[in-house]
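Some notes on the structure that comes next.
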Amino acid sequence: MTATGAIWRNWGRSEKVRPARVERPRDVEAVQRSVSAAAARGLHVKAVGAGHSFSGIAIAPGVQLDLHELSGVIAADEESGLVTLGAGTNLYRLPELLAPYGLALQNMGDVDRQTLAGATSTGTHGTGGRFGGLATQIVALTLVTGDGSLLTVSGTENAELLPAARVGLGALGVLVDVTIRCVPAFLLHALERAERWDEVLDSYLERSEREDHFEFYWFPHTETAVTKTNTRLPIDAERRPRPRLASWVGDELVANGLYRAACALGAVMPLVIPPVNRVAARLMGNGDFVDHSAKVFVSDRGVRFREMEYALPREAVPEALREVRALIRSHGWRISFPIEVRSAAADENWMSTAYGRSTGYIAVHRYFREDPSEYFGAVEAIMRAHDGRPHWGKMHTRTADDLRPAYPRFDEFIAARQRLDPAGVFENRYLRKVLGPVTATVPDRGGS
Ligand SMILES: Cc1cc2nc3c(=O)[nH]c(=O)nc-3n(C[C@H](O)[C@H](O)[C@H](O)COP(=O)(O)OP(=O)(O)OC[C@H]3O[C@@H](n4cnc5c(N)ncnc54)[C@H](O)[C@@H]3O)c2cc1C
595 MTATGAIWRN WGRSEKVRPA RVERPRDVEA VQRSVSAAAA RGLHVKAVGA GHSFSGIAIA
655 PGVQLDLHEL SGVIAADEES GLVTLGAGTN LYRLPELLAP YGLALQNMGD VDRQTLAGAT
715 STGTHGTGGR FGGLATQIVA LTLVTGDGSL LTVSGTENAE LLPAARVGLG ALGVLVDVTI
775 RCVPAFLLHA LERAERWDEV LDSYLERSER EDHFEFYWFP HTETAVTKTN TRLPIDAERR
835 PRPRLASWVG DELVANGLYR AACALGAVMP LVIPPVNRVA ARLMGNGDFV DHSAKVFVSD
895 RGVRFREMEY ALPREAVPEA LREVRALIRS HGWRISFPIE VRSAAADENW MSTAYGRSTG
955 YIAVHRYFRE DPSEYFGAVE AIMRAHDGRP HWGKMHTRTA DDLRPAYPRF DEFIAARQRL
1015 DPAGVFENRY LRKVLGPVTA TVPDRGGS
């Protein structure tokens, strides 16, 4: 939590800001008062979640709203699986909150520190060619719009705004609650294997379709990809949690200890990176266990990094990844972090990276103390050539002019923003860059 006057930093240490004011509204009316008061004083307002976006999307130079007081279950119905939660609820609380109803999230990304509002607003996704991101599970939400009024968006009220507001980029208002369609709690059988990278690439499209949740990590400078295949099982199937030692080797020794040392050392001695990557790939590709879905979907991320992730038409992924490999070779870069490849089903949310097409994701990372710009910039050029769309919460250099053609409903989203925030109360520098300015912006609004 940031105090007024203190500097706020995001998790990846790629962004920081000293908000003019920090407010922690305790209820919905207090959010409305905050927005109205800020609007009247000519200040920008931005709700911030867990600061897990690498991009400047959550930067709030004016009033920063911390919504952690708006968290927990508001209503739940076991039968339909519909659960309404405070928008500031952190994902890691969901297993405990949903357990009494025997429910779970249908799919999850690889960490659970984010808030529901923050995660859905940037189009956060996990993997699974037949499953969409978190936003696809949202059936209703309530937000405070630019004039401080409360707006319900659901299948029956303001339904036309639902595909805009689910991935709203924080541009349409402050979410105060969201209603999610949950599924009966389930177990996952996880299989982690070290495989030849070219064989994994050749089988990626077919496995993304066939398996419930398939992803892989290719370790640069090696011929190895670690595949993770998770299969959904009923909740009463036999649990076989990952043995403690294996968990420690995977999560602590490799993902955190070995990697922390390798990243720190690799920054000054890049030659250590290829051998370390070979060892890491061997140690990580060795899991076979069954556990509750959230425990399998989520891992610890103890080593701080920066990330860029692009969504491509899924069939473009193998070729794009081959090009990235050739790029790394030709530049002689030493890249310590594996490249992560996932997939998602096509969806209908206007600003979703998976809008209208079966999607494959390629994510590149760099240790947070290394300058990622040259590597990310060159990879971004490859992704753009394959009609890629950048994750809104991760690093990229795209602008409204070149994003518009990538999103068929871009102008409808802009019209929704114009309707809900005509004075640009929720604008920040990032939104001006990726969406353009709100046209009727009050000229003298403070902060940038
Ligand atoms: C270690 C790590 C792992 C990650 N793994 C994944 C992954 O597996 N899959 C994936 O897709 N992404 C992943 N991400 C990215 C992350 O999920 C997104 O950036 C997400 O938006 C972060 O959520 P947050 O709560 O931290 O929101 P923030 O980053 O704080 O905010 C994100 C946006 O949401 C807005 N917002 C927050 N609260 C509200 C509100 N109440 N109303 C309106 N707008 C609001 C903010 O204004 C901002 O625009 C990862 C990030 C990290 C650091």
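Numbering (my numbering), first residue to last: 595 to 1042. For each residue, glycine too, the CB sits at the ideal point set by N, CA and C.
Please state if the CB of residue j and the CB of residue i are separated by a distance shorter than 9 Å.
| i | j | result |
| --- | --- | --- |
| Asp1005 | Gly727 | no |
| Asp981 | Ala994 | no |
| Arg978 | Asp996 | yes |
| Arg936 | Asp885 | no |
| Val639 | Gly656 | yes |
| Tyr961 | Thr721 | no |
| Glu934 | Glu809 | yes |
| His807 | Met902 | no |
| Val611 | Gln658 | yes |
Which one of the options has the shortest CA to CA distance from residue i?
| i | options | result |
| --- | --- | --- |
| Arg641 | Tyr949, Val1019, Leu1029, Val897 | One point to set straight first is that residue 641 is Ala, not Arg, in the sequence displayed. Of the listed residues, the one whose Cα sits closest to Ala641 is Val1019. |
| Asn701 | Asp741, Asn824, Val677, Gly682 | Asn824 |
| Gly767 | Val625, Val958, Trp812, Val794 | Val625 |
| His783 | Asp830, Ala734, Ala759, Ser797 | Asp830 |
| Arg900 | Ser887, Val890, Ser930, Thr818 | Ser930 |
| Arg998 | Val958, Trp944, Thr953 | Trp944 |
| Gly643 | Leu637, Leu664, Arg635 | Leu664 |
| Leu799 | Arg724, Glu786, Ala758 | Arg724 |
| Ser715 | Gly606, Leu745, Arg992, Leu763 | Leu763 |
| Ala729 | Gly896, Thr736, Gly717 | Gly717 |
| Gly793 | Trp812, Val897, Ala633 | For clarity, residue 793 is Glu in the given sequence; the question names Gly instead. Among Trp812, Val897, Ala633, the Cα nearest to that of Glu793 is on Trp812. |
What's the gap between the Cα of residue i and the Cα of residue j?
| i | j | result |
| --- | --- | --- |
| Pro912 | Glu789 | 15 Å |
| Asn604 | Ala597 | 15 Å |
| Leu769 | Ala631 | 17 Å |
| Ser608 | Ala693 | 36 Å |
| Arg951 | Asp771 | 28 Å |
| Tyr1024 | Asp1015 | 16 Å |
| Thr1035 | Ala1017 | Residue confidence for Thr1035 is low, a pLDDT of 47 falling below 50, so the modelled location carries little weight; the figure read from the coordinates is stated next. Each residue's Cα considered, the two are about 5 Å apart. |
| Glu672 | Arg775 | 10 Å |
| Asp660 | Arg923 | 44 Å |
| Arg804 | His815 | 29 Å |
| Ile1008 | Pro1002 | 12 Å |
| Phe648 | Lys822 | 25 Å |
| Arg1043 | Thr818 | Absent from the model: residue 1043. The displayed extent of the chain is 595 to 1042, so no value can be given. |
| Tyr949 | Ser743 | 29 Å |
| Ile732 | Val1032 | 26 Å |
| Asp1038 | Val738 | Low per-residue confidence applies at Asp1038: pLDDT is 49, beneath 50, and the placement is therefore not dependable enough to give any value. |
| Gly703 | Gly636 | 37 Å |
| Arg836 | Leu827 | 16 Å |
| Arg992 | Lys1027 | 8 Å |
Does ligand 1 have even one heavy atom less than 8 Å from the beta-carbon of residue i?
| i | result |
| --- | --- |
| Asp1015 | no |
| Leu659 | yes |
| Gln708 | yes |
| His719 | yes |
| Ser715 | yes |
| Trp605 | yes |
| Lys988 | yes |
| Gly712 | yes |
| Val705 | yes |
| Ile651 | yes |
| Val820 | no |
| Val768 | yes |
Does residue i get closer than 9 Å to chain B when you measure Cβ to Cβ?
| i | result |
| --- | --- |
| Leu710 | Among the chains of the structure shown, chain B does not appear; only one protein chain is present. |
Practice item. For the region 695 to 707 and the region 739 to 759, state whether three or more C-beta atom pairs, one from each stretch, are separated by less than 8 Å. Key: no
Point to revise | At least 3 beta-carbon pairs within less than 8 Å: the region 909 to 923 vs the region 682 to 699 | key: With the cut-off at 8 Å, the region 909 to 923 and the region 682 to 699 do not touch.
Practice item. Say whether the region 962 to 976 touches the region 609 to 618, bearing in mind that this needs 3 or more beta-carbon pairs closer than 8 Å, one atom from each stretch. Key: Judged by Cβ distances under 8 Å, the region 962 to 976 makes no contact with the region 609 to 618, as fewer than three pairs qualify.
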